[in-house]
Each structure stands twice: as structure tokens, then as C-alpha cells.
Amino acid sequence: MIINKESLLKERIAQIAQQLRERGYRVTPQRMAIVQAVLESSEHPTAEEVYRKVSDSFPMLSLATVYKTLEMLKTLGEIVEIPVKGQVHYESNLRPHVHLICERCHKVMDWGEEIVPPIPKETIESSGFYPRYYLVEVHGLCSQCQSESNSVPEADKPRGNPGA
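No gaps in the numbering here: position 51 of the sequence shown is 418 in my numbering, and each next residue is one more.
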């Protein structure tokens with residue numbers, strides 16, 4: 368059986384709508400548009416970016432509604448916050464993976480989900496800690512920032528062996 372990405376997205380949106388209803392939240396078209404914008408984005412959007420995307424369809428939408436909806440999604444465990452240089456980005460992919468974070472433009476990119484080794488949940492839980500998700504962050508310069516400066520400045524070059 369072949370399951371496409373679009374049907375998985377629709378299923379996840381329906382599950383979130385059900386969770387919202389079960390917790391007594393109203394399931395409005397605006398909220399569901401915010402949910403969809405976050406879930407289908409691979410760009411790790413900020414609240415402001417979600418607002419800009421959704422406000423085209425809902426001109427009366429407020430930024431406060433976006434923040435409240437993102438907070439609800441976080442409470443439900445459907446998204447996590449990624450703080451980067453004073454901005455909060457949102458992530459809906461909770462499988463272990465790598466984030467490449469540009470230290471100049473603050474862009475967050477996913478890379479290499481298949482290369483992150485699984486950490487046995489039981490190993491972590493034996494220390495009394497319950498893990499919900501984990502990811503690996505690699506900080507540096509994205510290709511666009513490198514090309515804009517034509518080279519990597521000495522201060523931005525890696526020190527030591529980042530792979531060691």
C-alpha cells in the first residue's frame with residue numbers, strides 16, 4: 368500500500384483537530400490553517416512567518432491567535448520550539464534528526480534524519496528522565512551566507528575537529 372505525504376498530512380491535521388476538541392478548544396478554520404501551515408512547512412517558521420502565510424486567506428487573523436495556536440500545539444506535543452538568536456522557530460518533525468543552523472541569517476534546515484543514531488529510550492529513562500524527542504544541532508554558515516561573503520571569515524572557520 369502506497370501512502371503519500373499529502374494523505375499523511377491530512378490524517379495528522381484531523382488527529383490534531385480531534386485532540387483540540389477533546390480538550391475543549393474550538394476548531395476554527397483559522398486555527399486549522401495555522402496547524403496546516405506549521406505541519407507542511409519544512410522551513411521551521413517563526414510565528415510571524417506563519418502569520419504572513421495564513422493572513423492572506425484570513426485577513427482578520429491576529430498575530431496573538433497564531434501565538435496561542437502554536438502554544439496549544441506545543442502543549443499537545445505536536446510541535447517544539449527551536450530558539451535561535453532571540454527568535455523562536457517551530458518544528459513539527461519530532462523524529463530524531465539534525466538541524467543545520469546558520470549563525471548569520473539564523474535559517475534552520477533539516478539534514479540527515481537517517482544519520483542520527485537511535486538512543487534507547489530505556490537507557491535514558493533509567494536515569495529518571497523521560498525523553499519526548501531529541502535532535503542534533505550543527506551551527507555554521509549556510510551556502511547563501513558563504514557565497515554572499517565569497518569566503519568563510521577566519522573567525523567563522525571551525526576550530527578543532529567537529530566530527531570528533
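Built from N, CA and C at the ideal position, the CB exists for glycine as well.
Beta-bridge pairing of residue i - partner residues as DSSP gives them
| i | result |
| --- | --- |
| Leu467 | Met476 and Val505 |
| Glu458 | Val447 |
| Thr413 | His456 |
Integer Cβ distance of residue i from residue j, believed to fall under 8 Å
| i | j | result |
| --- | --- | --- |
| His606 | Pro412 | In the structure as shown, the chain begins at 368 and stops at 531. Residue 606 is therefore absent and cannot be evaluated. |
| Tyr501 | Ile486 | 6 Å |
| Gly507 | Glu470 | 7 Å |
| Val421 | Leu428 | 6 Å |
| Ile449 | Glu458 | 5 Å |
Of the listed residues the options, nearest to residue i (C-alpha basis)
| i | options | result |
| --- | --- | --- |
| Tyr392 | Thr432, His506 and Leu428 | Thr432 |
| Ala384 | Ile401, Glu373 and Lys372 | Ile401 |
| His473 | Val421, Ile380, Glu410 and Gln397 | Glu410 |
| His464 | Cys509, Glu416, Arg471 and Met476 | Met476 |
| Ala414 | Glu389, Arg388 and Lys441 | Lys441 |
| Gly444 | Ser514, Ser494 and Arg462 | Arg462 |
| Asn532 | Glu470, Lys452 and Trp478 | Only positions 368 to 531 of the chain appear in this structure, which leaves residue 532 out of reach. |
| Lys377 | Asp423, Ala404 and Arg388 | Ala404 |
| Leu375 | Glu407, Arg390, Gln386 and Thr395 | Glu407 |
| Glu416 | Arg379, Gln382, Arg388 and Gln454 | Gln454 |
DSSP three-state assignment for residue i, whether helix, strand or coil
| i | result |
| --- | --- |
| Ala531 | Confidence is the limiting factor: at Ala531 the pLDDT is only 49, short of 50, which leaves the residue's position unreliable, though a coordinate-based value still follows. Ala531 falls in the coil class under three-state DSSP. |
| Tyr434 | helix |
| Arg419 | helix |
| Ser494 | coil |
| Pro426 | coil |
| Ser408 | coil |
| Thr442 | helix |
| Ile380 | helix |
Cβ-based neighbour list, residue i, same chain, cut-off 8 Å, excluding 5 preceding and 5 following
| i | result |
| --- | --- |
| Lys488 | Pro498 |
| Phe425 | Pro396, Gln397 and Ala400 |
Same chain, Cβ closer than 7 Å to residue i, five either side skipped, listed in chain order
| i | result |
| --- | --- |
| Glu504 | His466 and Ile468 |
| Val451 | Ile468, His473 and Val475 |
Cβ shell of residue i (< 6 Å), same chain only, five flanking positions each side left out
| i | result |
| --- | --- |
| Arg398 | Thr436 |
| Gln386 | Leu443 |
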